[in-house]
Each structure stands twice: as C-alpha cells, then as structure tokens.
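Data first, discussion second: the structure below is written as structure tokens.
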Amino acid sequence: MKIKEIPQDNIKTLGGEKKALYALDESGRYTTATTTGWEVEEIVLLDALADYDRKAEEARQRVLKNRTSPIEYFMYIRRMDLTTLAQAMGLFKWQVKRHLKPEIFRKLHEPVLQQYADLFRIPIRALLHFEEGS
Amino acid sequence: MNDRPVFEHRHFAHCESGVVSSLLTHHGLSLSEPMIFGLAGGLTFAYLPFIKINGMPLLSYRMFPKSIIREIQSRLGVKFQSKIYRNKEQALADLNRFVQDGQVVGLQTSVYWLPYFPPEMRFQFNAHNLIVFGKENDEFLISDPVVDHIVKIKPEDLQNARFAKGTLAPKGYLYYPVFIPPSIDLEAAIRKSIQKTVNMMTRAPVPFGLRGIFFMADRIEKMGGRKEPRYIKLFLGHIVRMQEEIGTGGGGFRFMYAAFLQEASDLLRQPILSEASSKMTEAGDLWRQFALACAKVIKSKSDQIDLNPIAGLLRQCGEAEKRVYRMLASG
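Keeping their order, the protein sequence lines are chains Y and A.
Using the working numbering, the first residue of the first sequence is number 3, and each one after it goes up by one.
Using the working numbering, the first residue of the second sequence is number 154, and each one after it goes up by one.
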C-alpha cells in the first residue's frame, strides 16, 4: 500500500484517534504513516457491536419474563459470552449456565453474586433488583 | 515547566512490537518496530475453528501474545525481567516503586478496562501492551504504542485493566529490559529469523501457515447454504477485525513484515530481500481487497451471499504469500 492509497475515512469508532501503519512513500521506501480509519473497519466493528446489543436486549426481555437471570444481560453488556464469563469467574460453563436459570439465580449466595457484580463492575443491587434498573 | 520524566513516546502499528521497540530504544538499543517484529518471527497465520473466543474461531495473523518478548530475547540475547502477581496491592506498590526509581516498564492489560480507548474499541481482549513511564497528579503517565499521544490513567482503572480475568488474563504481567549485550550480530539474527518464518509458513501443518489460509478458504466456501446469513456475516467480520482493526498496521501484519524485509535487504545488502518485500506488499494489498469484499457482504441487506469470490480472493492471498516464501527460501 502506498501512502496516498491509505484510507482516511475518519471513522467514528476511532473516536478521533489515529492509527499508525506502514506504507510505501514515493520512492518505494516503507515508512510509518497514520490513518483516520478505513470504512471497512467501521462496518465490521459496528456489526459485531450490534450483535452484542441485540443479544443484550433479547436477554433483557427474557429477564423481565422470568426466563433468564440478569447475569445473561450483563454478560452481553460487557461483551462476553458463556465461555469468557465462566473463565473469568473461575467456574465451569455448566455452572454459569445454571446461574442463568431464574430459580437457581434467586437462591445464589451473596458472595457468588458479589463476584459476578465485581466482574461486571456493577453494584450488586443491579443484579438483585433488575426490574428497577431497566 | 514540570518535572515530567524523559521518555520519548512513539506511535506504532502494533502494541507488543511497539512496546519492545520502545523499551529497547530507551535502553540504548535502537531497533524499529518492523525489525523487532521480523526478528521475533512475529508473522504467522493460524485458524483454529474448534477454539472459540466469544463464539468465534481463534484466528491470528501474528504469533500469540508474549511471543515477541520471548523470541526477541533468544534471538538477540537481550534479557527482560518479568513478573506476574497474585496480589493486586503488591502489583500497584511495585509499580509505584518502579516509577519512583525512574524504571520504565511494560504492562499487559485488558483493552476493555482502559478508559482512554474509544468505547467502540473496548472489547474483552486481555493482551494489550503499554508502557508506564511516570506519574503526574496521582495518575500514571502511559505511552500506549497504538495511541499517537501520551495518555494518563487513574491507578484504579489501571488495576482493573491489569487484573481483568478470562482468556489470556494478564495477572498484572510487568516487564522491562535488564541486559543488552555489548555487541549483537544483527545480520545472523535476521537470517535465522527469516528462515524460521519461512519454515513456519510453508511447512506447518493445517491449520497453520499457508495450509491454514487455504483451509480457511475451503471452510468459508462450505459455509454457504449451511450456516445462517447472520452467522456468516459475523464470521467474515471477525476475520476482517482480526486482520485490520486490532493493531495490525493493515493487511494483517503483512505490510509490517514487508517493511522488515526492506530494512533487512539494506542491512544485508541482498537485493532479493527487497524483491521479496515488494511481493509481500502485493500480498498485503490482496488481503485488503479480501477485507473489502467481506465488508461489502456484511453491509448488503441481502441474505443471498455468494462465498465463492470471497474464498477465491483468500486463495489469491495464499498464492501471493507462497511466492514470497519461495523467494526467501531460495535467497
């Protein structure tokens, strides 16, 4: 890629920051240059983020219908999946899956809930009184 | 004006090679980022469909995190002191002491918990490297290689980022160079590292190296009609994000490696390396065409996805790279 071919699409997702990259100058020498982003990056990033948002919203609806626990909602809000969450909690996937069941969730002891809250960096009441927050 | 410690912040394409280049330069061994990346054999391709991170297969255009720090030590004989922590408070106390002593250190952090990153960029990625070089008004001064200016961070935010949990958890990982050999045979090191990368890319079994690229092309082709359009789009987006967005200098590190080959050609006075550099640039340009084609699929509202041209472009990338390695192996 030549310097003049570097996309400068000023993408929103970079928040006004610039990225460095290597490109060829006029005499064919590699040099560092900066870019305000490529539209392609923005498209794929926004698509990935929209997927988390969609999953979080679906989870929120299911929490209100008592079909899942607030843990699932915050998992997507924090851009995690079951595997990532289980690893971060130091639990097996099936254990976290159990915690997503409303009836099991209601019986969880405070230290476990606190661990989830700490991981999500939210106050514990956001888990316990989900309806108020949403 | 103030007594901000002297540290030259530089803007790099990639975090790990950037931090290592910065730290070594700070200690008197001035090597460019592409040189560090090339010497450490940073270039690769790996596609592991059975290891999933956030629902997407593990995919990498460069060697796994920490490998640059490890490889540069064995290649050049430099030594890094490194530490991981169980105790967060201990980690913070140590960092404060390093700052007081004027010791510039590299840290592994999670992007998700770094407030100075744009919110859209903050994913659960635990292997981001940055440099702490001082403290000002109770905030740490950070030289983040992928940000073009110096940033500050509150100790509690930095603690969050250093002790994020999950895949590749940083565990407070901290490192700094403690020994640089008085003389380094750079030419021999370059030859060895190129040999290593060529071997890796041409001889490694599926799903690594060139075979990995062709394997991924086959997998993409077979997805058509079998997977949900929604999944296919997310999957193509994932490939492009790994290739373009997460600090790769564009073209999935291929341009950075081309820059390394050009620098190596000058040092070794071997024109064939310069030719290989041009060929690698062509490969990088093809990777970008591939990314563009993927983005078009994602953007289109239609659920009719023709994956054959996408797989075709990917095979072209593989073929272009094959020419580079053949040239390097003969040179």
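We treat Cβ as the ideally placed atom computed from N, Cα and C, and that holds for glycine.
Item, Value
"I'd like the span of the alpha helix (DSSP H) that includes residue 387 (chain A), first residue to last.", "382-393"
"Decide if the region 253-265 of chain A is in contact with the region 360-371 of chain A; the criterion is three or more beta carbon pairs, one per stretch, under 8 Å apart.", "no"
"Do residue 490 (chain A) and residue 42 (chain Y) have their CB atoms nearer than 8 Å?", "What is shown of chain A runs 154 to 484, which leaves residue 490 (chain A) out entirely."
"If I'm right that residue 46 (chain Y) touches residue 450 (chain A) with Cβ under 8 Å, what's the distance once you round it to whole angstroms?", "10 Å between Cβ atoms; not a contact."
"Measuring only the C-alpha atoms, how far is residue 391 (chain A) from residue 465 (chain A)?", "18 Å"
"Among the residues of its own chain, which have a CB less than 6 Å from the CB of residue 135 (chain Y), if the five just before and after it don't count?", "128"
"What does DSSP give as the partner residue(s) for residue 213 (chain A) in the beta ladder?", "A:199"
"If you run the structure through DSSP and keep just helix, strand and coil, what is residue 282 (chain A)?", "strand"
"What is the residue span of the beta strand (DSSP E) that residue 258 (chain A) lies within?", "258-262"
"Does residue 451 (chain A) come out as helix, strand or coil in the three-state DSSP assignment?", "helix"
"Select from A:238, A:478, A:384, A:161 the residue whose C-alpha is nearest the C-alpha of residue 286 (chain A).", "A:161"
"Can a CB atom of chain Y be found closer than 8 Å to the CB of residue 208 (chain A)?", "yes"
"Give me whichever residues DSSP pairs with residue 22 (chain Y) in a beta bridge.", "Y:36"
"Where residue 71 (chain Y) and residue 82 (chain Y) are concerned, what is the direct C-alpha to C-alpha distance, given to the nearest angstrom?", "15 Å"
"Determine, using beta-carbon pairs with one atom in the region 380-388 of chain A and one in the region 464-479 of chain A, whether at least three such pairs fall under 8 Å.", "no"
"Mind pulling the chain A residues with CB within less than 8 Å of residue 124 (chain Y)?", "Residues of chain A passing the Cβ test: none, with the nearest at roughly 13 Å."
"Would the region 178-191 of chain A count as touching the region 202-211 of chain A if we require 3 or more Cβ pairs under 8 Å?", "no"
"Run through the region 58-108 of chain Y for me and flag every whole alpha helix (DSSP H) of 4 or more residues, listed as ranges in chain order.", "72-79, 84-91, 95-101, 104-108"
"When the Cα of residue 446 (chain A) is compared with those of A:436, A:461, A:435, which residue comes out closest?", "A:461"
"Is it buried or exposed for residue 154 (chain A), if we count other Cβ within 10 angstroms and need 16 for buried?", "Residue confidence for residue 154 (chain A) is low, a pLDDT of 46 falling below 50, so the modelled location carries little weight; the figure read from the coordinates is stated next. Looking at its Cβ environment, which holds fewer than 16 other Cβ atoms inside 10 Å, residue 154 (chain A) is exposed."
"Name, going along the chain, the residues of the region 274-294 of chain A whose beta-carbon falls closer than 8 Å to a beta-carbon of chain Y.", "274, 275, 276, 277"
"Relative to the C-alpha of residue 261 (chain A), which candidate in A:426, A:330, A:316 has its C-alpha closest?", "A:316"
"Candidates A:311, A:275, A:329: which alpha carbon is nearest residue 292 (chain A)'s?", "A:311"
"Select from A:452, A:434, A:217 the residue whose C-alpha is nearest the C-alpha of residue 33 (chain Y).", "A:434"
"Taking the alpha-carbon positions, what's the residue 246 (chain A) to residue 484 (chain A) distance?", "51 Å"
"Please list, in chain order, all residues of the same chain as residue 201 (chain A) whose beta carbon is under 7 Å from its beta carbon, the five residues on each side excluded.", "210, 211, 360"
"Using a threshold of 8 Å, state whether the C-beta atoms of residue 231 (chain A) and residue 333 (chain A) are closer than that.", "yes"
"Between which residues of its own chain and residue 218 (chain A) is the CB-CB distance below 7 Å, once the five residues before and five after are set aside?", "169, 280, 321"
"Helix or strand or just coil, what does DSSP make of residue 221 (chain A)?", "helix"
"Residue 233 (chain A) bridges to which residues according to DSSP?", "A:330"
"Counting only beta-carbon atoms, is residue 451 (chain A) nearer than 8 Å to chain Y?", "yes"
"Just to confirm, are residue 401 (chain A) and residue 167 (chain A) a CB contact at a threshold of 8 Å?", "yes"
"If contact means a Cβ-Cβ distance below 7 Å, which residues of the region 39-66 of chain Y contact chain A?", "40, 42, 43, 45, 46, 47, 49, 50, 51, 53"
"Note down the Cα distance separating residue 338 (chain A) from residue 452 (chain A), rounded to an integer number of angstroms.", "50 Å"
"Is the beta carbon of residue 426 (chain A) closer than 8 Å to that of residue 436 (chain A)?", "no"
"Is any beta-carbon of chain A found at less than 8 Å from that of residue 11 (chain Y)?", "no"
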